[in-house]
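The block underneath contains the structure these notes are about, expressed in structure tokens.
Residue numbers (mature numbering (1 follows the signal peptide of the UniProt record, and there is no 0)): -21 to -1, 1 to 989.
Okay, here's the thing in structure tokens:
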């Protein structure tokens, strides 16, 4: 009865359900079993074998027979009908999915059915290593789920033919055996299994970033990610290890790294294709293949460099993108000028430079003699014998590698014939052409010349009043020596008063000298051509006389009086000298500094990169080229004028990884923008100081163009101070100022003027070290007062015809006359001091630029910030002196801050709010003054009480200690205002005169008439 009922009830199910079963499966699903594609009968195991699941063959919408199973034992209670599939191999799957399409009859629509009818069935699985297990206990199966129908059908539905299939998908982890069985348990439902599909998901074969990722099974868990390492496609190499993650839904996630095409290949359609003939790709970091540069070609596909055309060449250092070039022709218009034994050679550049700018010149020197005149048998009289000049010949500036077209050759022999050859070379000259094609020669004869200096002097028979001297003939007499001249003087006279002695021999006896005195001697020789140069100084000391005997008491008294009188005269003359030279302190100090720079050849001098015709030559001379693959950009930290500013890491071979700041040049730039952008690197690359921002290198050979500098964690100083308002001690703030002035002293010593010194252009690292930065639009000190200057700072700038100037930080002469000097940087440093002590407050607050200019012109200066020590504000005022020669140099400022830091308790504790108003006491002077006054009262009396702490801290605690005070002493301890120095020195003069009057009065009272 049940079977008959099922056939009657389910017969219509197949007819209407199978039409909607056909569909295409996603590419990331791999099917292990699909009953619709199994040919013939399924022959699954059923229990019980009779009266349970029944296999039925039906036709799908294409009239293709498919096998299904049905059961409908709804009239009988306690049903447990099992249906087991054949063994299904796992094929490496870790999680399988079971898709079941079925129809189910509504129990309420079955007539005469009581509570025995069900509308669900159970799904089970069992893992096994083989398919030989024909009998499996039902208790060994593990339940996957109870499956219920979303929609069931009724008898009405059969009549109207509107039945729909139910589709349910379940998944389960299978990882312990090679395969598994599925089982379906009917518990009393009227159900038909239309189709059963078992599948698992994979992430399909994919190519990302030129890396191939194979077909990969998903993980065992629904939330797992399987990491897969990709392999580079053909003709490519790893840029960074390629990785992706296979998600549980069969989708690839999070691509990391990738590959780049090998040189000679370019990326197209996810593959690397060879460059066409006539194109090349030199390095893997380049973009697409490029057309061969001028005068070169490639004859086959996949070229990494283009070969030069015949007659054209490329040097080993030339990049592949550079056109092939030729050696230069010979220099033109060689002119020589003989001056005794020196020759000046000048010439013009070759007519043909070969397409290069790296032309250099070499001077070869040959000394020529008549072969017959040498008495040799090598040739007839009149034939020339030319040999290379000896090592004594000097070439200025140098003999080879000359960039200029002028050279001076000296230390030649007199009346001698020389041949000079000027050769032109460039990067492709070596080995490609004959030297004669690139050179031009001139033959000349030197003139009569004075002898070279005497090189050694010996002394003998040294007595109290004389010395005997002897010397050797000059290395190059350049003729017959007619006489020698000896010049000598006392060393302490410094050549202000000297005597001359002449002799025809190479010795001289010098007499009439003072005993126990050091003398300096110079010797020179004379020929018919005149005197040569004096020799280097030679010092000798005469012997001493016995000490004179002291006579009677009267003579002793006279001697003492003479000595005392001499002391008084010396003090008076010293005072007059100090007073007469008390002005112009800073200008004299600056003159001394400039003279020291010229006399000290070890001081590096800044080179303006804008003097180079080719900006790339400047940047590659001063900055190191970095491979872009060594840079890992992490995040954008700002937007600059030329593009983004990022932070990241730099890893160079053999060095540890460091954090860096990366400035990039945005796309679509003009040539001038690129030149201005790289000029900052050309400037920074010349500096090496702990308080100057350090350049790590540049990237110019691929896009984007980048400048790499050290990373300063705390950013700009003004923003950093505003963020930490009031959180630092005075000594910490002074330490920041000390670092800034140390960097500025270094720049000033290199003859570099910053022009835009402000707290916004000072960067701070994690250790609170301040470093001067922003050199993009600064320039070296120029003589032209109209030189154009522009700053990137827009806020607080004044637009002049030549550009923009940051008014609030700029010295008056720079605003009015565009006169930028180290002194104008000193003015700006004073404003930076004010910014630091006020924690980043805006200078001059809300005043307009015109109001600031007017106020400064009328003598207004910024007041001291809150809690600012008096000495620091006084140093600011010194930096803001109207006359630039009265402003302190950075060397002086550095010395002052060092003294303040060494004695912070006495020099930095007084603030502007604590300064008392000076009270005038009795006038300074009088014999009694020295013994009754103190340094503190004296400074208060003359209105200089603000210097009380620094004067006493420097050791000037008694009136006697002030008698030796000079302008240099005051400047070294922090008193740098000229007017204040004049007032203090005038008072010291009165004290000194009073003190000397006391000494004279005491000496007169003690004298005994003779």
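We treat Cβ as the ideally placed atom computed from N, Cα and C, and that holds for glycine.
With DSSP collapsed to three states, give me the class of residue i.
i, result
"residue 858", "helix"
"residue -9", "Its pLDDT being 46, under 50, residue -9 is placed unreliably in this model, and the value from its coordinates should be taken loosely. Correct three-state label for residue -9: helix."
"residue 658", "helix"
"residue 933", "coil"
"residue 168", "strand"
"residue 836", "helix"
"residue 581", "Any reading at residue 581 must be qualified, since the residue scores a pLDDT of 42, below 50, and its modelled position is unreliable; the value itself is stated next. Note: residue 581 maps to coil in three-state DSSP."
"residue 195", "strand"
"residue 497", "strand"
"residue -15", "The predicted model places residue -15 with a pLDDT of 49, which falls under 50 and marks its position as unreliable, so this point remains unresolved."
"residue 576", "In this prediction, residue 576 has a pLDDT of 41, which is less than 50 and means its spatial position is unreliable; nothing more can be read from the coordinates."
"residue 848", "strand"
"residue 950", "helix"
"residue 132", "strand"
"residue 597", "helix"
"residue 367", "strand"
"residue 718", "helix"
"residue 96", "coil"
"residue 992", "Since the first residue of the chain shown is -21 and the last is 989, residue 992 is not available in this structure."
"residue 405", "coil"
"residue 681", "coil"
"residue 915", "helix"
Give me whichever residues DSSP pairs with residue i in a beta bridge.
i, result
"residue 806", "According to DSSP, which records beta bridges pairwise, residue 806 is partnered with nothing at all."
"residue 591", "Its beta-bridge partners do not exist; DSSP assigns none."
"residue 510", "505"
"residue 186", "191"
"residue 793", "Note: residue 793 sits in no beta bridge, so no partner."
"residue 223", "207"
"residue 387", "323 and 375"
"residue 276", "286"
"residue 625", "615 and 641"
"residue 396", "347 and 424"
"residue 649", "Paired residue(s): none; residue 649 is not in a bridge."
"residue 997", "In the structure as shown, the chain starts at -21 and stops at 989, and residue 997 therefore has no counterpart that could be examined."
Out of the options, which one is the CA nearest neighbour of residue i?
i, options, result
"residue 866", "808, 339 and 343", "808"
"residue 22", "9, 62 and 11", "62"
"residue 82", "318, 513, 73 and 168", "168"
"residue 613", "604, 495, 787 and 623", "623"
"residue 437", "231, 591, 482 and 488", "488"
"residue 35", "26, 27 and 49", "49"
"residue 74", "226, 657 and 58", "226"
"residue 452", "474, 470, 483 and 423", "483"
"residue 220", "209, 230, 228 and 229", "209"
"residue 288", "281, 294 and 276", "276"
"residue 1077", "495, 91 and 345", "In the structure displayed, the chain extends from -21 to 989; residue 1077 sits before or after that span and is not available."
"residue 86", "130, 406, 124 and 70", "130"
Assuming residue i contacts residue j under a Cβ cut-off of 8 Å, what Cβ separation, rounded to an integer in Å, is found between them?
i, j, result
"residue 403", "residue 420", "Wrong, their Cβ atoms sit about 13 Å apart, outside the cutoff."
"residue 887", "residue 872", "Their Cβ separation, rounded to whole angstroms, is 15 Å, which puts residue 887 and residue 872 out of contact at 8 Å."
"residue 199", "residue 155", "In fact, because the Cβ distance is near 11 Å, the residues do not count as touching under 8 Å."
"residue 186", "residue 249", "5 Å"
"residue 835", "residue 791", "6 Å"
"residue 1001", "residue 509", "There is no way to answer for residue 1001, as the model of the chain reaches only from -21 to 989."
"residue 262", "residue 278", "That belief does not hold up - the Cβ atoms of residue 262 and residue 278 are roughly 21 Å apart, past 8 Å."
"residue 259", "residue 283", "6 Å"
"residue 188", "residue 234", "6 Å"
Looking at the C-beta of residue i, does it have a partner C-beta in chain C at a distance below 8 Å?
i, result
"residue 146", "In the structure shown, chain C does not exist; there is a single protein chain."
Just mark residue i as buried or exposed, buried being the case when its beta carbon has 16 or more other beta carbons within 10 Å.
i, result
"residue 881", "exposed"
"residue 463", "buried"
"residue 574", "Low confidence applies to residue 574: its pLDDT is 41, below 50, so where it sits in the model is not reliable enough to give any reading."
"residue 685", "buried"
"residue 611", "exposed"
"residue 192", "buried"
"residue 960", "buried"
"residue 213", "exposed"
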